[in-house]
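Right, one structure below, let's go through it.
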Amino acid sequence: MSTVVARPAPPGASAGVLESPWLSFFGRRLGRFVVSLWVVVTAAFAMIHLMPGDPVRSALGMTAPVETVNARRHALGLDDGLLTQYWHYLRSVCGGDFGTSVLSGLPVSQQIGDRLPATAQLALAAFAVAMVVAVPVGVVMAVLTRGGRRRGGELAFTSTSVLLAAVPEFLLAVGLVYVFSVHLGWFPVAGRGGFASYVLPVLALAVGPAAVLARIVRVEMLAVLGDDFIRTARAKRLPARRIYARHALPNALTATLTMGGLVLTSLVAGTVLVENVFAWPGLGSTIVQSIQQKDYPVVQGIVLVYGIGVLAVNLLVDVVLALLDPRSTIREA
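For the record, in the sequence shown the residue sitting at position 113 is 113 according to UniProt numbering, with numbers rising by one throughout.
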């Protein structure tokens with residue numbers, strides 16, 4: 001009976017795995033995410049300590065008994081040393097505990113969990129609408145204005161997109177409410193109910209980003225349409241639809257996806273004002289109410305959630321771009 005002898009692995013095999021560009025890429029991105037997350041958590045912790053005066057006294061009011069104020073400070077751990085508070089806060093955040101509301105006494109994570117779905121639905125719906133509108137409009141305008149043609153259409157598109165992008169979300173929201181809710185009565189003025197209640201808030205959030213993304217898609221599409229491989233495709237007499245959809249568009253979407261990630265993070269932040277215009281029961285209206293009521297632990301928790309959301313979206317965009325165009329992203333120093 002023959003004996004099988006296991007051959008040792010080549011000396012450079014493990015080193016090759018460790019030197020993989022993908023592993024290096026994910027290591028850099030993950031390290032950047034962890035450092036940024038630590039900065040966000042530290043800033044959220046410092047927020048409550050940089051507020052002038054006693055945050056518990058400010059939240060409970062000047063007429064609150066001293067015993068009540070001291071008991072609430074002890075319950076929140078604010079009578080410990082600063083480093084002790086910071087260590088406890090880091091441990092709590094890592095465990096998903098964002099503290100306790102000064103006013104209601106409820107866990108902040110519970111309040112955030114109740115309001116987060118409404119904000120996420122609003123932001124994601126606005127992002128989807130912006131992308132669905134921006135990509136076709138940008139591609140069509142690039143095709144129509146390629147080579148300096150239709151100067152009037154190009155000027156009209158550029159002027160309109162700049163104007164729409166410059167209008168603040170809350171101002172557009174007020175205008176939409178006045179026209180379509182108060183004057184025409186087509187949609188509800190405020191609140192979160194059925195499909196109709198989503199239309200105006202989503203439009204208020206999506207119009208500006210859609211205008212910005214459409215301009216980016218047009219510029220990138222014009223650059224791609226001038227490349228050699230597009231000329232080769234035309235020389236082969238491929239159908240125009242195939243040239244634009246299968247050859248030009250995928251190569252033009254890299255910058256659009258990068259900007260789309262920034263747009264998504266701005267949409268999450270933009271919900272703060274839009275939610276207050278439409279009395280939307282999300283994190284935006286909650287943080288404004290908490291600031292007015294000086295409920296700083298709730299403000300602290302919502303700011304932390306917003307920061308984590310922004311970092312997560314940026315990390316996701318980096319990974320998607322690496323998958324779509326690994327040569328430029330993986331080789332980044």
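The beta carbon of each residue, even a glycine, is placed where N, CA and C say it ideally should be.
In the three-state scheme derived from DSSP, where H, G and I count as helix and E and B as strand, T286 is classed as helix. According to the DSSP assignment, P107 belongs to no alpha helix (DSSP H), since it is labelled neither H nor E. Each residue's CA atom was taken as its position, placing S24 and V320 some 16 Å apart.
In terms of CA proximity to G284, V303 leads the group P65, M221, D295 and V303.
Secondary structure note for A196: its alpha helix (DSSP H) is the uninterrupted segment A196 to L225. Three or more beta-carbon pairs separated by less than 8 Å link the region 194 to 212 to the region 169 to 181, which places the two stretches in contact. Here T100 is bridged, per DSSP, to P107. Of the residues A210, Y86 and V274, the one whose Cα lies closest to the Cα of T158 is A210.
In the pairwise beta carbon analysis, the region 86 to 102 is classified as not touching the region 150 to 170: fewer than three pairs are separated by under 8 Å. Going by beta carbons, V189 and V182 fall inside the 9 Å limit. Closest in C-alpha terms to T119, from the list Y296, P281 and M141, comes P281. Nearest Cα to V224 within the set V212, S197, V207 and L253: L253. Listed in chain order, the non-local C-beta contacts of M47 below 6 Å within the same chain comprise Q300, local neighbours out to five positions each way being set aside. For Q292, the secondary structure class from DSSP, reduced to helix, strand or coil, is helix. Contact between D295 and L106 fails: their C-beta atoms lie close to 10 Å from each other, not under 8 Å. Distance between D318 and R72, taken at the CA atoms: about 43 Å. Burial is judged here by how many other beta carbons sit within 10 angstroms of a residue's own beta carbon; L144 has fewer than 16 and is exposed.
With a minimum length of 4 residues, the unbroken runs of alpha helix (DSSP H) contained wholly in the region 126 to 166 fall at 151 to 166.
Within its own chain, the residues whose Cβ lies closer than 8 Å to the Cβ of L116, once the five positions on either side in sequence are excluded, are G282, L283 and V305, listed in chain order. Taking the C-beta atoms as reference points, V129 is found no nearer than 9 Å to A165. In the DSSP annotation of this structure, H183 is not part of any alpha helix (DSSP H), being labelled neither H nor E. Bounds of the alpha helix (DSSP H) holding A46 are P21 to L50. Of the candidates R146, L122 and V263, L122 places its Cα closest to the Cα of S197. In the displayed model, P188 falls within coil according to three-state DSSP, outside both helix and strand. Rounded to the nearest whole angstrom, the C-alpha separation of G27 and V313 is 17 Å.
Non-local beta-carbon contacts of E154 in its own chain, meaning distances under 7 Å to residues more than five positions away in sequence, involve T145 in chain order.
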